[in-house]
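Let me begin by presenting the structure, written as structure tokens, before commenting on it.
Protein chains in written order, with our numbering: chain A, 34 to 143; chain B, 69 to 182.
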């Protein structure tokens with residue numbers, strides 16, 4: 034499968050701490066995206082990073098991409114209770130589709 | 069501006085029954101997608117429509133059919149529901165498929181097949 038795999042599967046941290054989750058994939062990509070899913074809701078796009086980019090920021094989010102290692106990481110700084118959600122990476126291999134990973138379930142403890 | 073809407077939100081079917089899940093988007097997007105989400109499996113693509121008038125199979129198309137009714141609407145039909153189709157179904161849309169742009173998701177339909 035070309036599916037991205039997130040690591041860890043679950044993560045619990047104290048409010049205010051930073052959260053880091055990783056995504057690995059198997060073949061060359063066109064771009065990689067991160068999505069958030071709150072319980073019982075649809076996915077919400079967070080950030081897209083293209084294969085020729087190494088780092089992108091959006092507010093408290095920082096995404097890195099290492100194409101040589103076929104991996105990406107999502108860092109959420111100064112976590113808040115509202116960040117409790119599942120986070121998915123999704124990869125595009127140059128075609129019309131995205132392939133989603135199985136997700137990291139993040140719990141922020143107040 | 070409602071984004072992507074899906075109906076119904078919940079549905080319970082008996083094995084062998086049929087039903088159609090409806091999806092509409094008001095963002096003038098060209099591409100639309102149907103996914104299913106099962107515990108521990110992430111999202112899997114069922115069918116997609118890169119543009120009005122075209123549809124293509126995704127990773128798990130068996131047991132489903134789709135119709136791109138117009139640019140706004142993309143429906144998913146289960147002709148003879150099976151318990152293995154118990155899942156949460158999400159519709160999504162994006163501006164342009166070839167670059168696999170940002171996808172915008174609907175709230176989902178929770179389907180249980182008994």
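Cβ atoms here follow ideal geometry from the backbone N, Cα and C, with glycine treated the same way.
For residue i, which option in the options has the closest C-alpha, if you only look at C-alpha atoms?
| i | options | result |
| --- | --- | --- |
| residue 124/A | 79/B, 147/B, 111/B and 93/B | 111/B |
| residue 140/A | 63/A, 93/A and 116/A | 116/A |
| residue 73/B | 116/B, 143/B, 154/B and 180/B | 143/B |
| residue 141/B | 155/B, 130/B and 162/B | 162/B |
| residue 77/A | 157/B, 129/B, 70/B and 175/B | 175/B |
| residue 128/B | 164/B, 120/B, 109/B and 182/B | 109/B |
Taking DSSP's pairing of strands, which residues face residue i in a bridge?
| i | result |
| --- | --- |
| residue 160/B | 101/B and 173/B |
| residue 145/B | 88/B and 133/B |
| residue 106/B | 110/B |
| residue 15/A | Residue numbering for chain A in the displayed model covers 34 to 143; residue 15/A lies beyond these limits and cannot be assessed. |
| residue 60/A | Per DSSP, none; premise fails for residue 60/A. |
| residue 125/A | 64/A |
| residue 53/A | 108/A |
| residue 119/A | 70/A and 138/A |
| residue 178/B | 78/B and 156/B |
Would the stretch 86 to 102 of chain B and the stretch 108 to 126 of chain A be scored as touching if the rule is three or more Cβ pairs under 8 Å? Inter-segment contact for the stretch 86 to 102 of chain B and the stretch 108 to 126 of chain A is absent: fewer than three beta-carbon pairs are separated by less than 8 Å.
Considering only residues of the stretch 81 to 113 of chain A, which uninterrupted beta strand (DSSP E) runs meet the minimum length of 3 residues and lie entirely inside it, listed in chain order? 88 to 91, 94 to 99 and 104 to 109
Evaluate the contact criterion for the stretch 53 to 69 of chain A versus the stretch 38 to 45 of chain A: three or more CB pairs, one atom per stretch, below 8 Å. yes
Check distances from the C-beta atoms of the stretch 54 to 88 of chain A to those of chain B and list, in chain order, the residues that come in under 9 Å. Going along the stretch 54 to 88 of chain A in chain order, one finds 63, 64, 66, 68, 70, 73, 74, 75, 76, 77, 78 and 81 with a Cβ nearer than 9 Å to chain B.
Taking three-plus beta-carbon pairs below 8 Å as touching, is the stretch 91 to 100 of chain B in contact with the stretch 127 to 143 of chain B? Here the stretch 91 to 100 of chain B lies against the stretch 127 to 143 of chain B, with 3 or more beta-carbon pairs under 8 Å apart.
Count the CB pairs spanning the stretch 83 to 92 of chain B and the stretch 148 to 161 of chain B that are closer than 8 Å, and state whether there are at least three. yes
Using a Cβ-Cβ cutoff of 9 Å, what residues of the stretch 90 to 110 of chain B are near chain A? List them in chain order. 99, 101, 103, 105, 108, 109 and 110
Compile a chain-ordered list of the residues in the stretch 109 to 140 of chain B whose CB is closer than 9 Å to at least one CB of chain A. 109, 110, 111, 112, 113, 116, 118, 124, 126 and 127
Of all the residues that make up the stretch 103 to 137 of chain A, which are near chain B by a beta-carbon distance shorter than 7 Å? 121, 125, 129, 130, 131, 133, 134, 135 and 136
Members of the stretch 169 to 182 of chain B that neighbour chain A once the beta carbon cut-off is set at 9 Å: 169, 170, 171, 172, 173, 174, 175, 176 and 178
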